[in-house]
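A.B. asks:
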Amino acid sequence: MSATLRRRDLLRAAAGLPAGLAAAPVSRPNLLFVFADQMRQMSMGCAGCAEVQTRHFDRFAAERGAMLTDAVSTLPVCAPYRAAMLTGRYPLSNTVIVNNARLPDEMPSLGKVLRENGYRTGYIGKWHLSGEPANRGFVPPGPMRHGFDYWAAHNCSHAYRRAVYYRDDPNPVPVEGWEPDVQTGLAIDFIRSAPRNQPFAMVMSWGPPHTPFEAPEEFLARYRKPLKLRPNVGITSDSLLRIDDSRFRKRAANPQEVLEEITLRYYAAISNLDHNFGRLLGCLDELGIAEDTVVVFTSDHGDMLGSHGQFHKGQPWEESVRVPFLIAYPREIRGGTRSDVLLGTPDILPTLLGLMGIRKPGGIQGEDLSPVLRGRSMRGPRSALLTIPCALTTWGGRWNRLADGGYGFPPGFMRPYRAVRTRTHTYARDRKGSWMLYDNVKDPYQRNNLIETRGPGAIPSECQKELADWLDRTRDSFGSDEDYQRWIDLRTGIVREPQRLVRG
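If you read the sequence shown in this note's numbering, its first letter stands for residue 650, the second for the next number, and so on.
1. Cutting at 7 Å between CB atoms, please list the residues of its own chain near Ala671, excluding the five before and the five after it.
2. Apply the 10 Å Cβ neighbour rule to Asn820 and answer buried if 16 or more other Cβ atoms are within range, or exposed otherwise.
3. What residues in its chain sit with their C-beta under 7 Å from that of Ala843, if we drop five residues either side in the sequence?
4. Asp1138 by DSSP, collapsed to three states: which one?
5. Go ahead and label Ser806 buried or exposed: buried means 16 or more other beta carbons lie within 10 angstroms of its beta carbon, across all protein chains shown.
6. May I ask you to list the residues that DSSP assigns as paired with Asn777?
7. Ignore the nearest five residues each way along the sequence and tell me which others in Val683's own chain have a CB closer than 6 Å to its CB.
8. Of all the options Arg1096, Ala750 and Asp798, which has the alpha carbon lying nearest to the alpha carbon of Leu778?
9. Distance, Cα to Cα, Val675 vs Leu992?
10. Count the other CB atoms within 10 Å of the CB of Ala870; is the residue buried (16 or more) or exposed (fewer)?
11. Considering just the uninterrupted stretch of the beta strand (DSSP E) at His705, what are its terminal residues?
12. Could you name the residues of the same chain whose beta carbon sits closer than 7 Å to that of Pro1109, not counting the 5 residues immediately before and after it, in chain order?
13. Determine whether the beta carbon atoms of Ile1013 and Asn766 lie at a separation below 7 Å.
14. Using CA coordinates, which residue listed in Asp1125, Asp1130 and Arg1140 is at the minimum distance from Gln1148?
15. When you compare only the Cα positions, how much space is there between Ala673 and Leu1004?
16. How do the segment 788 to 798 and the segment 756 to 766 stand: do at least 3 beta-carbon pairs fall below 8 Å, yes or no?
17. The beta strand (DSSP E) spanning Ile1037 covers which residue range?
18. Do Tyr815 and Gly786 have their beta-carbon atoms positioned less than 7 Å apart in this structure?
19. So, at 7 Å on beta carbons, what are the nonlocal neighbours of Ser1083 in its own chain, with the 5 sequence-adjacent residues on each side left out?
20. Select from Ser1032, Arg1047, Gln1113 and Val990 the residue whose C-alpha is nearest the C-alpha of Leu717.
21. Using CA atoms only, rank isn't needed, just tell me which of Ala902, Glu910, Leu876 and Asp817 is closest to Ser888.
22. Nearest-angstrom Cα distance between Arg1050 and Thr1042?
23. For Gln690, which residues of its own chain have a beta-carbon under 6 Å away from its beta-carbon, when the five flanking residues on both sides are left out?
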């Protein structure tokens, strides 16, 4: 724990307040919510990865904030994560069950709630919630921005060296330099210009380390091959055909060499994000507002990076679903805290509102876990839901069936499943029945699928009950891809008759 935190606790104790508990703030805190794209939890130093350089994330977790070690992405794909995070609702309720679906304009969400509570709101980076066409870029002011007034965003792009963003008209603003560097500068300008008598809320979505696997040269130069890879990595030339990057698919004859280069680039991109996170913290310190600001760093989902012979996202394995979740609010959270509470994506909104003292709107399905962050005892969730409702995505006015080799991927890249992650196990079912079961305590790299080695009788009754409860709570009929796609308008990404997504 930092000396600053210790001194603060001593002052509170002298004033008759329990150490570690905050006096009532004069006003509501600011919010700085930053998330990466496709960054897995186990690719940070503070999560035990000695290969990657993340000194700002590591120090933040050790001294300044709390680290939730078991945060998961409920639907580990880009747009569905964003919808669940902003609305506090599960995918079948918020209706964004595939990439490029549109978040309904009328849906209560983080930006709207904070603006209604007097916040100056801003959004920077990848949005990915305005439907089709996904590459339109410009999201016009109004209800499609869901309460965010300041805007420097693109609906969906990963052109980090030739990026553009949009403000309030359809004229693109070219980015001069590496996109996350420029985005961080815009966020710092937003924070500096914020009136001191009005709280601000900035949400920033960085694109890396999502493909293409790129990073600035100065960060690439920090790493050398060979790199130590995770023990469950097992790739072949066929595995490399699963990569969403033609540069590496063309070199599939040398899988080990390609995987090390991809991992090096992935780590370098993360180190750049770490550097930019340090810039943001420095700005808060310089302005003297760190104690009055809730700071979050997380990611929408992870990346398999060759584990189990897989790449990218959308899978129930740890590399895909476990995400970093670092959070600080010095008035309420003791620095250096670690918690293994299970946090699913819909829990983020109610937890933030609870921490900030803001009443949550109706319809939120996630759980407020802010008491855990405050150091209070509470019975956290017994399990977290993991789901891919349908293995589909839209692009350019057509459906791509990811399970059947759509969108340029080989068959089997992604399959529909429903799963639970308990404190000890991961259990998943696909449409054929039980698919995988791992004891994450005894087998942290998930190399022994107990369904295959011991049969369905190995499934703990707790896992079966938890999954059944989740399907009931979310009114999930576990329908076919056709059941879901008939209600999504390919031209707009809007879900027609959203009540059809859930069982009656």
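Where is the CB? At the ideal position from N, CA and C, for every residue including glycine.
C.D. replies: On the basis of the coordinates in this document:
1. Below a pLDDT of 50, predicted positions are generally treated as unreliable, and Ala671, at 36, falls in that range; no measurement from the model is reported.
2. exposed
3. Arg769 and Phe849
4. coil
5. buried
6. In the sequence under discussion, the amino acid at residue 777 is His, which differs from the Asn named in the question. The partner list for His777 (beta bridge, DSSP) is empty, contrary to what the question assumes.
7. Met853 and Phe946
8. Ala750
9. Note that Val675 has pLDDT 42, beneath the 50 cutoff, so the model's placement of it is unreliable and no number is given.
10. exposed
11. Element bounds for His705: not the beta strand (DSSP E) but the alpha helix (DSSP H), Arg704 to Arg708.
12. His1074
13. no
14. Asp1125
15. Residue placement at Ala673 is poorly supported in this model, since its pLDDT is 38, which falls under 50; the coordinates still yield a value, given next. The alpha-carbon atoms of Ala673 and Leu1004 are separated by roughly 12 Å.
16. yes
17. Ser1032 to Ile1037
18. yes
19. Ile1100, Pro1105 and Ile1108
20. Val990
21. Ala902
22. 7 Å
23. Ala696, Arg971, Val972 and Pro973
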